[in-house]
Structures are given as structure tokens and as C-alpha cells.
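*Asks:*
2 protein chains.
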Amino acid sequence: MFLARVFTFPRTGVLDPQGSAIKATVSNIGFKDIQDIQTGKYYEVRINACDVAKAKEIMKELCEKVLVNPVVEDYKFEIMEV
Amino acid sequence: MFLARVFTFPRTGVLDPQGSAIKATVSNIGFKDIQDIQTGKYYEVRINACDVAKAKEIMKELCEKVLVNPVVEDYKFEIMEV
Numbered sequence: 010m011f012l013a014r015v016f017t018f019p020r021t022g023v024l025d026p027q028g029s030a031i032k033a034t035v036s037n038i039g040f041k042d043i044q045d046i047q048t049g050k051y052y053e054v055r056i057n058a059c060d061v062a063k064a065k066e067i068m069k070e071l072c073e074k075v076l077v078n079p080v081v082e083d084y085k086f087e088i089m090e091v
Numbered sequence: 010m011f012l013a014r015v016f017t018f019p020r021t022g023v024l025d026p027q028g029s030a031i032k033a034t035v036s037n038i039g040f041k042d043i044q045d046i047q048t049g050k051y052y053e054v055r056i057n058a059c060d061v062a063k064a065k066e067i068m069k070e071l072c073e074k075v076l077v078n079p080v081v082e083d084y085k086f087e088i089m090e091v
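Chains as they are written, first to last, in this note's numbering: chain R, 10 to 91; chain D, 10 to 91.
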């Protein structure tokens, strides 16, 4: 069994209104040390694969077919055996 | 400068409709090896702090005051120097 952690976030050049709104808010309420905030989505996926290469193959396909909108999102994932 | 990676996800016992919907979809389109999918939110926060202890203190306060809804969400964060 493998656990994949998938991170999706707005592509470079695509606005991150949620991140900008949070950044403005935290500055207003006194968090002066926060330099930047980027928001994204996070998935934990448990995969029943024979080896890590197969798990990576499944995850790449899952991200590109289901989890990620390639027009406005970039993604990365980490896989560990559990 | 420190980079914090914040993960928020539905508290145990709180329904994760998005995760359930994705899980049903991936099973229907042929991903038979996916055992479970949990969805959440992800933030990358850059903090200008004097040391990691101070960065952790700021992040804990930021999570509990702004980023996380404690009624329905759990959270964890990782901090690294960049």
C-alpha cells in the first residue's frame, strides 16, 4: 500500500485571489512577519500497487485525468509506502 | 526566511463529500487500485522570523485565527528554512 500526497496550486501567472485576500487580511490583523501566502488543494490518496513505479504511474494518470485542471493549475505529488 | 506548508482536512467524523465523489468517479473510470481519497486545503506561507520556534508560534496562531475552521477542520504544518 502506498500513500500519495498531491499538491495543486494556481499556475504561475494565474491569479490567486484567495491567497491575496488572506495575505491582506493577516497583514491587517497584525501578522507583519508573513511575506507571502499561496493557496492550493491537497489530496491524500491510498493506492494498492505492486511497486512505487506503478504507484507513480497511477498517480500521474489520476492527477492529469481527474484531480488537476491543467489550464489553471500546476501539481506535484510525493509517494511513500505505508 | 521560513517556508511553512499547511495542510487542512475535514475532522474525523466530518463528511468529506468531495473526497467521496472523487473516489466514486475514479472507480467508475477504471482506477481500481485507488483505496481512498481524502481532500483538503494546502497553503504555502513564507515567514520572516528570527528562528524556527518563532516561526512555529506565528504559524500556530495564523492557523487557529485565520486559515483553519476548528469546528470542521484539523490541520498540520511543516516548517523549513529557505
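Note that CB positions come from ideal geometry on N, CA and C, so glycine has one too. Note that the structure is predicted; figures quoted are calculated from it, not measured.
1. Taking DSSP as the reference, what is the three-state secondary structure of residue 64/R?
2. Run down chain R in chain order and give the residues with a C-beta less than 9 Å from the C-beta of residue 55/D.
3. Taking contact to mean at least 3 C-beta pairs separated by less than 8 Å, is the stretch 68-77 of chain R in contact with the stretch 24-35 of chain D?
4. Any C-beta of chain D sitting closer than 8 Å to the C-beta of residue 67/R?
5. Closer than 8 Å, CB to CB, is residue 6/D near chain R or not?
6. If the cut is a Cβ gap below 7 Å, which residues of chain R does residue 21/D touch?
7. Would you check if there are 3 or more beta carbon pairs closer than 8 Å linking the stretch 11-18 of chain R to the stretch 38-55 of chain R?
8. So with Cβ pairs under 8 Å, would you call residue 75/R a contact of chain D?
9. Quick one: Cα of residue 28/D to Cα of residue 91/R, how far?
10. Tell me, please, whether the CB atom of residue 58/D is closer than 8 Å to any CB atom in chain R?
*Replies:* In this structure, then:
1. Here residue 64/R refers to the residue found at position 55 when the first sequence is read from its first residue. Of the three classes helix, strand and coil, the one that applies to residue 64/R here is helix, per DSSP.
2. Your numbering for residue 55/D matches position 46 in the second sequence. Ordered by position in chain R, the residues that pass the 9 Å Cβ test against residue 55/D are 43, 44, 45, 46 and 47.
3. yes
4. Counted from its first residue, the first sequence places residue 67/R at position 58. Chain D contact via Cβ: present.
5. With chain D running from 10 to 91 in the structure shown, residue 6/D is simply not present.
6. Residue 21/D sits at position 12 when you count from the first residue of the second sequence. Residues of chain R passing the Cβ test: none, with the nearest at roughly 13 Å.
7. Touching, per the Cβ criterion.
8. In the first sequence, the residue the question calls residue 75/R occupies position 66. Chain D contact via Cβ: present.
9. Within the second sequence, the letter at position 19 stands for residue 28/D. Within the first sequence, the letter at position 82 stands for residue 91/R. Whole-angstrom Cα-Cα distance: 20 Å.
10. Position 49 of the second sequence, counting from 1, holds the residue named residue 58/D. By this cut-off, residue 58/D is an interface position.
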